[in-house]
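> The sequence shown begins at 27 in the working numbering and counts up by one. Ideal Cβ placement from N, Cα and C applies to all residues, glycine included. Okay, handing you the structure first.
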Amino acid sequence: MTSESFGLMTPERSHTAPLQEHIDRAIHDLIASCPNAEQLSPDEQRGIIARYTAVLEGNFIYWMTAAYLSVVSQQAHSIIQENLREEVRDNHPGMLRKFAIAAHAVPTDSDALVVYRNLENVRLFVARLSGVKIVLMMAFFEGWITRFMPYLEGLAKRQGSAEQEYTDVHGVVDVVHTQELFRALEAEMRLSHDPLPPPTELLEGVGLLRSLIQTILHLRAAGPALAP
Ligand SMILES: [Fe+2]
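Set out below in structure tokens:
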């Protein structure tokens, strides 16, 4: 048994519960704000898939790696390592690229420019390597991805695609990943000797990622896309 194991069932769960509730609400609000697919033009449908791909394909593993580099507890390291192993071993970026190709929604320069500013904000946040905050952001990311899969799959079908491996896999595995990341969070909080910052500060990465996801979903609400 590691020294961390002795901390199980201590008040850390009560620390993470309000954070989980905040994240659940944020995910619920994002899902509820998805535009009605029936009212989108084919190009608007393509745009959501393309921007999703532009954000996820090259950044998910990089941000999870940043989480790995930022945490200090043995338990968090092993949970995140398992997550990364699955991403790499099962070629999730390749799976997503196949999904985008089949839906005729490979990201263009314009799609990349639309998400540029909010994507860069998340990158700058991740670069600070703040363990608890990045684990929170990734738990939010995994939770949102899972809930978003039926909508994403519906858009792809409207684009004439029958490719569902990416959405099938991520509608299932990310439920477990989210729960595991909250366990990693508890382990990190247990090891923290300093008083934890207030939730608003801990949720900084969640807020930045939420803005980025809003840009994926709502092209027109994203503000100026150019001039990074
Ligand atoms: Fe994945």
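1. Using the beta-carbon count (16 or more within 10 Å), is His-118 buried or exposed?
2. Under 9 Å between the Cβ atoms of His-54 and Pro-225?
3. Residues in its own chain within less than 8 Å of Met-215 by CB, not counting five upstream and five downstream?
4. What residue does the alpha helix (DSSP H) around His-130 start on, and which one ends it?
5. Taking the Cβ atom as the reference point for each residue, do Gln-71 and Arg-184 lie within a distance shorter than 9 Å?
6. When you compare the CB positions of Glu-168 and His-203, do they come within less than 9 Å of one another, or not?
7. Which residue marks the beginning of the alpha helix (DSSP H) containing His-103, and which one marks its end?
8. If we count the other Cβ atoms within 10 Å of its Cβ and call it buried at 16 or more, is Ile-75 buried or exposed?
9. Could you check if Ser-29 is buried or exposed, using at least 16 other CB atoms within 10 Å of its CB as the buried criterion?
10. Could you tell me if the beta carbon of His-196 falls within a distance shorter than 8 Å of some heavy atom in ligand 1?
11. I'd like to confirm something about Phe-86: is its beta-carbon nearer than 8 Å to some heavy atom of ligand 1, or not?
12. Suppose the cutoff is 8 Å on Cβ atoms and the five residues either side in sequence are ignored; what does the same chain contact list for Glu-206 look like?
13. Would you mind reading off the limits of the alpha helix (DSSP H) that contains Asn-147?
Let me spell this out:
1. buried
2. no
3. Glu-38, His-41, Thr-42, Val-158 and Leu-222
4. Taken as a continuous stretch (DSSP letters only), His-130 belongs to no alpha helix (DSSP H), as it is neither H nor E.
5. yes
6. yes
7. 100–115
8. buried
9. In this predicted model, Ser-29 has a pLDDT of only 38, less than 50, meaning its place in the structure is not dependable; the value taken from the coordinates is given anyway. Result: exposed.
10. yes
11. yes
12. Ile-105, Glu-108 and Asn-109
13. 135–152
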